[in-house]
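As structure tokens, the structure follows; a few thoughts come after it.
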Amino acid sequence: MSEPEILLEVKNLKKHFPIYRGVFKRIVGYVKAVDGVSFTIRSGETVGLVGESGCGKTTVGRMVMGAYRPTSGEIWFKPPNGEPPVDLASVDSRRMKALRPHIQMVFQDPFASLNPRMTIREIIAEPLVVNKIARGKELERRVRESIEMVGLQTHHLSRYPHAFSGGQRQRISIARAMGLFPSLVVADEPTSALDVSVQAQIVNLALDIQSRFGLAYLFISHDLGLIRHFSSRVVVMYVGHVMEYAPAESLFKRPRHPYTEALLSNVPTTRPNLLGRKIILRGEPADPANPPPGCPFHTRCLYVQDICREVMPSLEEIEPEHKSACHFAGTLDLTGCDALGCVL
Amino acid sequence: MVPALVVEDLRVYFFLEQGVVRAVDGVTFSLAPGRTLGIVGESGSGKSVIGQSILRIVPPPGRIVGGKILLRVDDGDGSPQQIDVTKLHPNSRQARSIRGRQVAMIFQEPMNSFSPVHTVGSQIVEALMLHAQVRYDEARDRAVEMLRRVGIPQPEIRIDAYPHQLSGGMRQRAMIAMALVCNPKILIADEPTTALDVTIQAQILELLKSLQKEFGMAVLFISHNLGVIAEICHDVMVVYFGKVMETAPVETLFRNPIHPYTKALLKSVPGIDTPVRHHLATIEGTLPEPHANIAGCPFFGRCTVCTDGVVCSDEPYELAKVADDHFVACPQVCFIA
Ligand SMILES: Nc1ncnc2c1ncn2[C@@H]1O[C@H](COP(=O)(O)OP(=O)(O)OP(=O)(O)O)[C@@H](O)[C@H]1O
Ligand SMILES: Nc1ncnc2c1ncn2[C@@H]1O[C@H](COP(=O)(O)OP(=O)(O)OP(=O)(O)O)[C@@H](O)[C@H]1O
Ligand SMILES: [Mg+2]
Ligand SMILES: [Mg+2]
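From first to last, the protein sequence lines stand for chains F and B. Taking numbering that gives the first Met the number 0, I'd label the letters of the first sequence as residues 0 to 343. Taking numbering that gives the first Met the number 0, I'd label the letters of the second sequence as residues 0 to 336.
Written as structure tokens, this is what we have:
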């Protein structure tokens, strides 16, 4: 079986936000929110993106969908019409406008992301109108198709967002994103505000849409159980850098980076007999405005050696497809889910 | 021992044009000092409103229409008293002093609890000066220390940041720091770790446990994350449509859940035996219409166990004891257990 084609290829992506001080708004430094991130997404697959809060996940998502211009790096995107890949980081704004419908984003907060003064019909129609994709009868047909696709009914279309629960609102944001038949959806913690039964409905919906339309997801979440359930490959970030990038199965079975090991060991479990096996990280999390020299994780790493304090490790392939940015990735015997017995 | 908090038959209704929403409809529980009670349940089941009632900050058109909320207050001479906060005026001096000193809340939406025009630090310092009656310098030192304990990098610098300059997870931690800094007797934590990665989350849970040991803090912990509930709580209460469905010690609830709603909830989480990229178990249907007034079991209609509908929709709601500390409100419970 040949692998599906590459849909998105991110190369050495960076985003540095200036820090201003004083009345003259002088730039006194930079928050290196994303500092050299590379990964690829194939057509129709789900890539999970996990990492510490503040490590740059949302910023990566926003650059991919064109909301932030990268400080440097490349974002190669393959348009669905058979044209050659385009670098979204350097493309002019006219071209970007034409490409934008193919990449959509679903946000974390189903309460803040829908305009309260628009009806559901207007909310779903807006991107179709703005991108001049449909109007009149065709527009109405597309809107109805989208709302039904997410398991709501056409009589919901004339209501306003406040009349819906959190789970229903998240369905509406998905309907809005799906209406354009994107080939990539960036889903930024799409279920973290929802209870587990609604979360399960949304996950099932996302899986169904994926198998029907073959779209790909960049799925950002703190929930490693969901990441494992949903993703074929996983990117683990820490303070603007990729620490590990691997097929989900291999990553959960045998992590190759100490930060991933710590993450897995800290997944909360409903099995009380498995408590107490956590790797408690000491030390301060690194600050992206003032990252430490060497490996960004060295201040909290259990296995730290002198070299880690001085030299930043590069992301290397340890076994086929499994990459890690750790000087000792090949020699450390790290514990994965099976041995930790975590419920994942 | 006098519990830190006793809630008896609490009823909180929202009087809307379209009808009455019975957000909390006869909830009873008690919480001892040094203990943590978890509250889980579907979105819209009344969890946050329970917390708001204890602080007396239920927004209009919501009102406490029945029940008691007895708060333990320790006098100087060491004999604890109970005051019923439902009897207080929400803006009275006593109610305000309870909010600052006795009971603190970590809110579900961090943006709502910080003013956007003041730095995070100034808001924590102000709370300390007001409630702990300490001078500015000491308050600032304590604020920095608390920000450090919740894992904010470089707290001496971040203390001067405005809320929008922090990432979602940092804001949440700053709010946790603000709630904990005055050593409350009771902490209401409403989804406190949703924006945090698991390593920081573990650190916060450890911090809560250690403050609990140190000061005997009682915690009401609201969360959708069942793993977190399992790790931090001593007891768990499952609510549905404003009513308690099941309450039990934590191990019992996860090992031997009885109510069909509890069981369904536990099944919707992907587990080790869930085949990856397959459908997760869901609960068919939705909560009843918010204005509905349901006499029988509110889970009736979605429950897969209940085939004999007559019993479930007609029996009055009742929380029955099935074992020590284990209570279940299911008309079918004797058949299931
Ligand atoms: N517009 C901005 N201006 C300045 N700094 C920013 C901006 N947006 C993000 N940052 C900073 O960039 C870093 C990364 O933020 P980002 O929101 O991408 O993190 P995240 O991984 O999504 O975190 P979380 O899990 O908490 O949502 C943080 O230190 C944040 O404070
Ligand atoms: N300000 C308000 N005005 C009208 N109704 C309200 C208000 N606040 C809450 N309600 C209603 O009260 C019920 C309980 O809401 P509550 O916020 O306590 O739910 P919750 O269990 O905390 O849900 P979630 O898990 O989504 O946070 C809901 O039906 C909600 O619509
Ligand atoms: Mg984010
Ligand atoms: Mg709530």
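Positions of the beta carbon are idealized from the N, C-alpha and C atoms, including for glycine.
(request) For chain B, find out if any of its Cβ atoms is closer than 8 Å to the Cβ of arginine 157 of chain F; answer yes or no. (result) First, the residue type needs correcting, since residue 157 of chain F is serine and not arginine in the sequence shown. Chain B contact via Cβ: absent.
(request) Mind reading off the beta-carbon distance from alanine 176 of chain B to leucine 165 of chain B? Whole number of angstroms is fine, and I expect it under 8 Å. (result) Not really, about 12 Å apart at Cβ, beyond 8 Å.
(message) At a cut-off of 7 Å, would you count aspartate 207 of chain F as near ligand 4, judging by its Cβ distance to the nearest heavy atom?
(response) no
(message) Can you confirm whether proline 312 of chain F, when its beta carbon is compared against all beta carbons of chain B, has any partner nearer than 8 Å?
(response) no
(message) Relative to the C-alpha of leucine 6 of chain F, which candidate in F:Arg170, F:Glu73, F:Lys322 and F:Pro79 has its C-alpha closest?
(response) F:Pro79
(message) Using only CA atoms, which one of B:His258, B:Asp8 and B:Leu129 lies nearest to lysine 320 of chain B?
(response) B:His258
(request) Tell me, to the nearest whole angstrom, how far the beta carbon of arginine 62 of chain B is from that of phenylalanine 14 of chain B; I am working on the premise that it is less than 8 Å. (result) 7 Å
(request) With 8 Å as the threshold, decide whether the Cβ of serine 191 of chain F is near any Cβ in chain B. (result) yes
(request) List the residues of chain F whose Cβ lies closer than 8 Å to the Cβ of isoleucine 199 of chain B, in chain order. (result) Glu51, Ser52 and Pro284
(message) Can you tell me whether methionine 104 of chain B is buried or exposed? The criterion is at least 16 other CB atoms within 10 Å of its CB, across all chains shown.
(response) buried
(request) Can you tell me the Cβ-Cβ gap for valine 23 of chain B and valine 5 of chain B, rounded? I've got them flagged as a contact below 8 Å. (result) Contact flag wrong, Cβ pair sits at about 15 Å.
(request) Please confirm if aspartate 323 of chain B has its CB atom under 8 Å from at least one CB of chain F. (result) no
(message) Taking the straight line between their C-alpha atoms, what separation do you get for asparagine 272 of chain F and valine 49 of chain F?
(response) With a pLDDT of 49 at asparagine 272 of chain F, under the threshold of 50, the modelled position of that residue is not reliable, and the figure given next carries that caveat. Near 26 Å, if we compare the C-alpha coordinates of valine 49 of chain F and asparagine 272 of chain F.
(request) Could you confirm whether any beta carbon from chain F is found closer than 8 Å to the beta carbon of threonine 281 of chain B? (result) yes
(request) Quick one: which residues of the stretch 218 to 240 of chain B get their C-beta closer than 7 Å to a C-beta of chain F? List them in chain order. (result) His223, Asn224, Leu225, Gly226, Val227, Ala229 and Glu230
(message) Quick check on leucine 274 of chain F - is its C-beta less than 8 Å from some C-beta in chain B?
(response) Here the model assigns leucine 274 of chain F a pLDDT of 48, short of 50, so the residue's position is not dependable and the matter cannot be decided.
(request) Can you tell me which of the three DSSP states valine 119 of chain B falls into? (result) helix
(request) Check whether the Cβ of alanine 111 of chain F sits closer than 7 Å to any heavy atom of ligand 2, and report yes or no. (result) no
(request) State yes or no: is the C-beta of lysine 46 of chain B nearer than 7 Å to some heavy atom of ligand 4? (result) yes
(request) Measuring only between beta-carbons, confirm whether threonine 153 of chain F sits less than 8 Å from chain B. (result) no
(request) Go to valine 235 of chain B, then tell me how far its beta strand (DSSP E) extends in each direction, as first and last residue. (result) 234 to 239
(message) Just to make sure I have the definition right: I need the residues of chain F whose C-beta is within less than 7 Å of the C-beta of glutamate 41 of chain B. Which are they?
(response) Asp194 and Ser196
(request) Report the rounded CA-to-CA distance for leucine 179 of chain B versus glutamine 153 of chain B, giving the unit in angstroms. (result) 19 Å
(message) Let me check one thing: in DSSP terms, what residues is proline 79 of chain F bridge-paired to?
(response) Note: proline 79 of chain F sits in no beta bridge, so no partner.
(message) List, in chain order, every chain F residue whose beta-carbon is nearer than 8 Å to that of methionine 169 of chain B.
(response) Ser52 and Gly53
(request) Note the first and the last residue of the continuous beta strand (DSSP E) segment covering glutamate 154 of chain F. (result) Note on identity: in this sequence residue 154 of chain F is histidine, with glutamate being the wrong assignment. First-last for histidine 154 of chain F: undefined, no H or E at that position.
(request) Let me know if valine 27 of chain F comes out buried or exposed under the rule of 16 or more other beta-carbons within 10 Å of its beta-carbon. (result) exposed
(request) Compile a chain-ordered list of the residues in the stretch 221 to 255 of chain F whose CB is closer than 9 Å to at least one CB of chain B. (result) His221, Asp222, Leu223, Gly224, Leu225, Arg227, His228, Phe229, Ser230, Ser231, Ala247 and Glu248
(request) Kindly list, in the order they appear in chain B, the residues whose Cβ is closer than 8 Å to that of threonine 70 of chain F. (result) Residues of chain B passing the Cβ test: none, with the nearest at roughly 18 Å.
(request) Starting from the Cα of alanine 205 of chain F, find the closest Cα among F:Leu223, F:His228 and F:His221 and give me that residue. (result) F:His228
(message) Quick check on leucine 127 of chain B: does DSSP put it in helix, strand or coil?
(response) helix
(message) For alanine 294 of chain B, tell me which candidate among B:Val235, B:Arg21, B:Ala188 and B:Glu213 has the shortest Cα-Cα distance.
(response) B:Arg21
(request) Using a Cβ cut-off of 8 Å (strictly closer), state whether lysine 277 of chain F contacts chain B. (result) yes
(request) Would you check whether ligand 2 has a heavy atom nearer than 7 Å to the C-beta of aspartate 194 of chain F? (result) yes
(message) Tell me the residue span of the beta strand (DSSP E) that contains threonine 303 of chain B.
(response) First-last for threonine 303 of chain B: undefined, no H or E at that position.
(request) Indicate whether valine 185 of chain F and leucine 217 of chain F have their beta-carbon atoms separated by less than 8 Å. (result) yes
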